[in-house]
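**Student:** Here it is, the structure, as structure tokens.
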Amino acid sequence: MNDPSPSLVHRLHDFLRRAGSRPMKAHDLAAHPEIGASARDVRQALRELERTGKAKKIRGNRWVEAQAPDRVAGRLLITFSGFGIVITDPPDSAEYFIPPSEIGSCMEGDRVEVSPAAVRPRAGQKQEAHLIRVVERKIKQVAGKLVHGRYYAYVIPGDPRMRSTLHVSEAGLPPDSIPDGDIVVVALDEPVSPDRSQTSRLIQHLGAPGDPGVDMQMLMANRGIVQAFEPGVVDAAQAISPTPDASAIAGREDLRDWIILTIDPSDAKDYDDAISLTRTGDGWELGVHIADVSHFVTPGSAIDTEAKNRGNSVYMVDRFVPMLPKYLTSEVCSLRASVDRLAYSVHMTLDADGELESVRTGRSVIHSKACLNYDQVQRFLSGEDAAEIPESLHPTLRAMDKLATRLRRKRMANGSIDLSLPEVVCTLDDQGTPISLKRRGAAQAYHLIEEFMLLANCAVAERIRAAGVPGVYRIHEEPSEDQWAQMNLDVRNLGIAQDVLSRQGIDQVCALVRDTPQEYAVNLAILKNFKRAIYSIECLGHFGLAFDCYTHFTSPIRRYPDLLVHRILDRLDTRRKPAYSANELEVLCLHATETERNAQAAEQESLEIKRLQFYQLALQQGDIGPYPALVVGVAAKGLLLELVESLQRGFLSFDTLPQNGHYRVARDQGRVYGGQSKVLFTVGDVLDVAIAKVDEGKRQVEYVPWKREGTRSAEGREKGKRQDRGKSRGQGAGRNAARGKRSRRSR
Numbered sequence: 066m067n068d069p070s071p072s073l074v075h076r077l078h079d080f081l082r083r084a085g086s087r088p089m090k091a092h093d094l095a096a097h098p099e100i101g102a103s104a105r106d107v108r109q110a111l112r113e114l115e116r117t118g119k120a121k122k123i124r125g126n127r128w129v130e131a132q133a134p135d136r137v138a139g140r141l142l143i144t145f146s147g148f149g150i151v152i153t154d155p156p157d158s159a160e161y162f163i164p165p166s167e168i169g170s171c172m173e174g175d176r177v178e179v180s181p182a183a184v185r186p187r188a189g190q191k192q193e194a195h196l197i198r199v200v201e202r203k204i205k206q207v208a209g210k211l212v213h214g215r216y217y218a219y220v221i222p223g224d225p226r227m228r229s230t231l232h233v234s235e236a237g238l239p240p241d242s243i244p245d246g247d248i249v250v251v252a253l254d255e256p257v258s259p260d261r262s263q264t265s266r267l268i269q270h271l272g273a274p275g276d277p278g279v280d281m282q283m284l285m286a287n288r289g290i291v292q293a294f295e296p297g298v299v300d301a302a303q304a305i306s307p308t309p310d311a312s313a314i315a316g317r318e319d320l321r322d323w324i325i326l327t328i329d330p331s332d333a334k335d336y337d338d339a340i341s342l343t344r345t346g347d348g349w350e351l352g353v354h355i356a357d358v359s360h361f362v363t364p365g366s367a368i369d370t371e372a373k374n375r376g377n378s379v380y381m382v383d384r385f386v387p388m389l390p391k392y393l394t395s396e397v398c399s400l401r402a403s404v405d406r407l408a409y410s411v412h413m414t415l416d417a418d419g420e421l422e423s424v425r426t427g428r429s430v431i432h433s434k435a436c437l438n439y440d441q442v443q444r445f446l447s448g449e450d451a452a453e454i455p456e457s458l459h460p461t462l463r464a465m466d467k468l469a470t471r472l473r474r475k476r477m478a479n480g481s482i483d484l485s486l487p488e489v490v491c492t493l494d495d496q497g498t499p500i501s502l503k504r505r506g507a508a509q510a511y512h513l514i515e516e517f518m519l520l521a522n523c524a525v526a527e528r529i530r531a532a533g534v535p536g537v538y539r540i541h542e543e544p545s546e547d548q549w550a551q552m553n554l555d556v557r558n559l560g561i562a563q564d565v566l567s568r569q570g571i572d573q574v575c576a577l578v579r580d581t582p583q584e585y586a587v588n589l590a591i592l593k594n595f596k597r598a599i600y601s602i603e604c605l606g607h608f609g610l611a612f613d614c615y616t617h618f619t620s621p622i623r624r625y626p627d628l629l630v631h632r633i634l635d636r637l638d639t640r641r642k643p644a645y646s647a648n649e650l651e652v653l654c655l656h657a658t659e660t661e662r663n664a665q666a667a668e669q670e671s672l673e674i675k676r677l678q679f680y681q682l683a684l685q686q687g688d689i690g691p692y693p694a695l696v697v698g699v700a701a702k703g704l705l706l707e708l709v710e711s712l713q714r715g716f717l718s719f720d721t722l723p724q725n726g727h728y729r730v731a732r733d734q735g736r737v738y739g740g741q742s743k744v745l746f747t748v749g750d751v752l753d754v755a756i757a758k759v760d761e762g763k764r765q766v767e768y769v770p771w772k773r774e775g776t777r778s779a780e781g782r783e784k785g786k787r788q789d790r791g792k793s794r795g796q797g798a799g800r801n802a803a804r805g806k807r808s809r810r811s812r
């Protein structure tokens with residue numbers, strides 16, 4: 066074998082170095098225009114780089130530069146507190162702490178190169194690192210306030226995590242044509258080193274800060290979320306007939322005579338799943354019927370390309386940003402009642418105990434008998450009102466509830482973790498002004514749908530895995546050793562004398578605090594130390610749900626991975642070659658995970674913005690309280706509180722409390738002591754507080770005691786005993802995994 070070309074070896078090494086340790090396979094490197102060599106020559110050159118310690122092969126036959134121990138690359142996340150976290154690439158996926166002083170002009174999502182500090186961190190803390198350079202800038206544009214300075218115009222980013230201003234050049238729209246203080250969008254120039262100012266050019270004028278909708282437009286611009294579709298995409302969607310013709314129905318299983326129905330939230334924007342249930346002796350045949358989006362959205366089409374880029378729908382407080390054009394989601398693919406619709410069906414046979422016996426999948430045509438909402442079904446199941454549901458559906462709904470109860474009981478017995486967090490609903494007026502904030506939970510009717518969707522997702526995932534073809538899986542890995550240690554520390558800091566070092570430990574702690582005022586804070590402490598669920602081509606199971614094999618199949622209208630799974634499944638059902646290669650799916654999984662996280666962040670941020678506006682308006686109108694607030698943590702200088710009704714987090718300083726002695730904080734007990742070791746505050750207590758300050762820019766709220774003559778009112782103490790923070794089931798692991806609509810955290 067001839068020695069590899071020195072020039073090719075040099076080009077490869079330089080390319081891998083500039084790629085910032087992004088893993089690539091040999092044939093992908095060979096196909097890159099900068100390399101220009103055969104796959105054989107590239108492999109030979111890579112082996113030479115490996116021999117000399119300049120490159121290394123990692124999991125999946127991918128190659129990266131063999132970096133020096135003092136240099137690693139990863140994605141930068143910036144917190145509202147100003148510090149950063151760099152998450153390195155798989156398979157290591159280590160996390161490094163970046164001090165605020167190091168952030169400079171770096172931005173959320175940047176791919177950066179860092180140098181880990183020599184000092185090892187203390188137990189439970191992340192390794193500190195120093196920023197070296199920006200390898201790739203994820204954010205291409207920024208929205209913020211335009212300021213006409215003495216010598217030049219600049220923009221103060223609307224995202225409080227961006228601490229540096231952006232110099233506005235003369236290359237774009239003339240800054241002088243826009244009033245000082247208005248909100249604009251600028252396109253960023255090429256990234257510079259963290260210690261230099263970032264330059265930009267003005268591309269859009271959004272309006273004055275108080276204009277209706279400008280706050281959400283600014284958020285969308287900062288998150289790269291686009292509402293409107295290109296005309297070509299809209300035209301392609303409009304050309305599709307909502308009524309399936311004979312050719313579309315041919316070859317499908319005809320289920321139009323079946324009792325099939327949908328159950329969704331009353332404010333649902335799309336109807337992509339329907340269910341059926343029939344008795345089979347002592348068991349059941351459960352049908353989950355999903356809108357056949359893959360029939361209308363073909364790979365490589367204009368609609369498909371746009372859906373892939375978006376990755377998922379976004380449910381912001383004031384608007385819905387769909388993954389697919391509205392005509393598709395609300396007409397063509399929507400499983401509305403009393404019309405024929407194309408579906409992809411999963412038929413599951415279960416025994417009397419709810420054990421899955423067999424699975425059959427295939428394309429179908431259905432005719433839904435009813436579109437119900439959770440409230441209607443809940444009233445029926447609780448015996449409050451049966452009149453609003455057709456009598457012909459009563460036996461089916463009762464049987465569905467019975468089966469769902471068995472499935473849920475079985476899932477929990479198998480180790481599924483149910484960490485219940487409430488959801489907040491913000492109501493706006495016509496101008497986008499927040500007028501109310503309320504907690505919303507899920508009841509019995511929601512769990513009915515949840516269990517059926519989870520089971521269908523598992524059945525489809527297992528079918529793909531058993532076939533041995535490249536697939537898309539939804540995985541949630543077990544916490545790392547460091548995460549377990551931090552979780553244990555955080556739970557103990559809440560005053561819980563129970564180790565949380567395993568799944569069993571979580572179950573024991575959850576049982577210990579269930580239906581107590583501490584439940585909410587403990588659930589938060591556990592959840593924040595979980596790894597996040599992601600999409601992957603590897604079937605690694607789902608820790609939170611305790612599933613060995615899991616995917617997302619049930620929402621192709623709003624999640625691109627589900628659409629991929631439909632295409633993969635169709636190729637299996639029709640015995641054709643796989644729809645995608647493993648390499649193609651790997652790239653798509655990474656992209657879908659990123660778009661999902663971006664959407665979740667935008668959804669939560671939109672709520673946070675409107676929630677702060679609500680309390681700022683209340684403060685201006687003199688409505689400062691009282692508000693019952695839950696103690697969710699204790700700090701050296703005060704209490705971390707969340708308002709019971711809205712979950713608005715804020716800080717109450719010890720300086721605002723009566724000066725009747727010093728305060729001693731016992732974080733490991735979740736308590737604050739006063740004179741003579743008297744317990745003054747405990748995590749889980751509910752205090753009556755007033756709002757003292759709302760800082761919308763920094764996203765911070767400060768509270769003071771409502772009754773200044775005491776630390777806690779008797780009313781607040783009694784409310785602490787009564788509050789059932791765990792009954793709002795809106796964000797359990799299963800719900801987010803199955804549907805995830807407007808969720809705070811998708812599992």
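Letter by letter, the sequence shown follows residues 66 to 812 in the numbering used here.
For every residue, glycine included, the Cβ atom is placed at its ideal position computed from N, Cα and C.
#1: Select from 496, 381, 442 and 351 the residue whose C-alpha is nearest the C-alpha of residue 426.
#2: Please list the terminal residues of the continuous beta strand (DSSP E) segment that includes residue 270.
#3: Per DSSP, what kind of secondary structure is residue 675 in: helix, strand or coil?
#4: Please tell me whether, using a cut-off of 8 Å, the distance from the CB of residue 246 to the nearest non-hydrogen atom of the ligand FMN is below it.
#5: According to DSSP, is residue 204 part of a helix, a strand, or is it coil?
#6: Going by CA-CA distance only, name the one from 607, 440, 488 and 126 that's closest to residue 476.
#7: With H, G and I counted as helix, E and B as strand and the rest as coil, what does DSSP make of residue 743?
#8: Do residue 624 and residue 853 count as a contact pair if the criterion is CB distance below 9 Å?
#9: For the candidate residues 377, 669 and 516, whose alpha-carbon lies nearest to that of residue 600?
#10: Less than 7 Å between C-beta atoms, sequence neighbours within five positions excluded: which residues of the same chain meet that for residue 523?
#11: Starting from residue 388 and walking both ways along the beta strand (DSSP E), at which residues does that stretch end?
#12: With a CB to CB cut of under 8 Å and the five nearest residues on each side skipped, what residues in its chain are close to residue 634?
#13: So, residue 199 versus residue 231, is the Cβ gap smaller than 9 Å?
#14: Does the Cβ of residue 75 have 16 or more other Cβ atoms within 10 Å, making it buried, or fewer, making it exposed?
#15: Should residue 713 be labelled buried (16 or more other beta-carbon atoms within 10 Å of its own) or exposed?
#16: Give the straight-line distance between the Cα atoms of residue 542 and residue 329, rounded to the nearest whole angstrom.
#17: Once you ignore the five residues that flank residue 744 on each side, which residues in its own chain have a CB closer than 7 Å to its CB?
#18: Using 10 angstroms around the beta-carbon of residue 488, count the other beta-carbons present and answer buried if the total reaches 16, otherwise exposed.
#19: Who are the near neighbours of residue 428 in its chain, counting only those whose CB is closer than 8 Å to its CB and skipping five residues on each side?
#20: Using 8 Å as the threshold, is the segment 394–401 in touch with the segment 327–344, meaning 3 or more CB pairs across them?
#21: Does DSSP classify residue 483 as helix, strand or coil?
#22: Where does residue 422 sit, in a helix, a strand or coil, going by DSSP?
#23: Would a C-beta distance cut-off of 9 Å place residue 443 and residue 384 closer than the cut-off?
#24: Alpha carbon to alpha carbon, how far is residue 192 from residue 226?
#25: Tell me whether residue 323 sits in a helix, a strand or coil according to DSSP, three-state version.
#26: Starting from residue 413, trace the beta strand (DSSP E) both ways and give me its first and last residue.
#27: So what does residue 162 bridge to, in DSSP terms?
#28: According to DSSP, what are the bridge partners of residue 89?
#29: Can you tell me whether residue 354 is helix, strand or coil according to DSSP?
#30: Whole angstroms are fine: how far does the CA of residue 482 sit from the CA of residue 470?
#31: By the DSSP assignment, the beta strand (DSSP E) with residue 232 in it spans what residues?
#32: How far does the beta strand (DSSP E) with residue 718 in it extend, from its first residue to its last?
#33: On the DSSP bridge list, what partners appear for residue 432?
#34: Between the segment 241–249 and the segment 273–293, do at least 3 Cβ pairs fall closer than 8 Å?
#35: So the beta strand (DSSP E) residue 115 belongs to, where does it begin and stop?
#36: In whole angstroms, give me the CA-to-CA distance for residue 107 and residue 734.
**Tutor:** Taking the geometry as given:
#1: 351
#2: 263–272
#3: helix
#4: Among the ligands in the structure shown, none appear at all, so the ligand FMN cannot be discussed.
#5: coil
#6: 607
#7: Note: residue 743 maps to coil in three-state DSSP.
#8: Since the first residue of the chain shown is 66 and the last is 812, residue 853 is not available in this structure.
#9: 377
#10: 612, 614 and 615
#11: Where residue 388 is concerned, there is no enclosing beta strand (DSSP E), given that its DSSP letter is neither H nor E.
#12: Contacts found: 409, 426, 525, 528, 529 and 618.
#13: no
#14: exposed
#15: buried
#16: 30 Å
#17: 736 and 738
#18: Counting of Cβ neighbours within 10 angstroms places residue 488 among the buried residues, the total reaching 16 or more.
#19: Excluding sequence neighbours, residue 428 sits near 316, 317, 318, 357, 360, 407, 408, 409, 410, 635 and 638.
#20: With the cut-off at 8 Å, the segment 394–401 and the segment 327–344 touch.
#21: Secondary structure at residue 483: coil, using DSSP grouped into helix, strand and coil.
#22: strand
#23: no
#24: 21 Å
#25: coil
#26: 405–415
#27: 150 and 193
#28: Residue 89 has 128 as its beta-bridge partners, per DSSP.
#29: strand
#30: 16 Å
#31: 231–233
#32: 714–718
#33: 405
#34: Touching, per the Cβ criterion.
#35: That residue, residue 115, is in no beta strand (DSSP E); its alpha helix (DSSP H) goes 104–116.
#36: 59 Å
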